[in-house]
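To start, the structure itself, in structure tokens.
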Amino acid sequence: MKTSDGFFTQVHEVAKLIPYGRVTSYGAIARYLGAAGSARMVGWAMNASSKDGDVPAHRVVNRIGLLSGKHHFDGTNLMQQLLESEGVKVKEHKVQSFESLFWDPTKEL
DNA sequence: TGAATGACTTCGG
DNA sequence: CCCGAAGCCATTC
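Plus 862 on top of the position in the first sequence (first one is 1) and you've got the numbering used here.
Written out as structure tokens, the structure reads:
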């Protein structure tokens, strides 16, 4: 591989920076990395992050707080349980009070 | 080289 | 917010 390792690394770094009990969106991360428009690649990077470990991919959701990535986790409800364990309310694969839990790297950093 | 794919986003209805 | 369609960009075959 080693094709775009830098991009993955950046995404992983930001993912690790996400505060406890907070969530963010793929687009927000992409924009923060200057890769605005490559939100899909953020998800792709997350897929690779599964191998990296220590990357809270469960804190990264789509723009409406939908756990779009839960399907890529081992179990069916693992992602939701992880979020709930952090105090994030999740209902029907969607983050409740998403607006208040949203963590914007371009803003917070 | 080109076509298909995807853990997204945005716009119009 | 739901639905359909188009745009984007890196990776894979």
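A virtual CB, placed ideally from N, CA and C, is assigned to each residue, including glycine.
Taking the DSSP output, what are the residues bridged to residue 964? Answer is 885, bridged to residue 964.
First and last residue of the alpha helix (DSSP H) that includes residue 940? That run of the alpha helix (DSSP H) goes 940-947.
Counting pairs of Cβ atoms below 8 Å between the stretch 881-892 and the stretch 954-967, do you hit three or more? Contact annotation: the stretch 881-892 touches the stretch 954-967, with at least three C-beta pairs closer than 8 Å.
Count the other C-beta atoms from every protein chain shown that fall within 10 angstroms of the C-beta of residue 898, then say buried if there are 16 or more, exposed otherwise. With fewer than 16 other Cβ atoms within 10 Å, it is exposed.
Who pairs with residue 950 in a beta bridge, going by DSSP? Looking at the DSSP assignment, residue 950 forms no beta bridge with any residue, so it has no partner.
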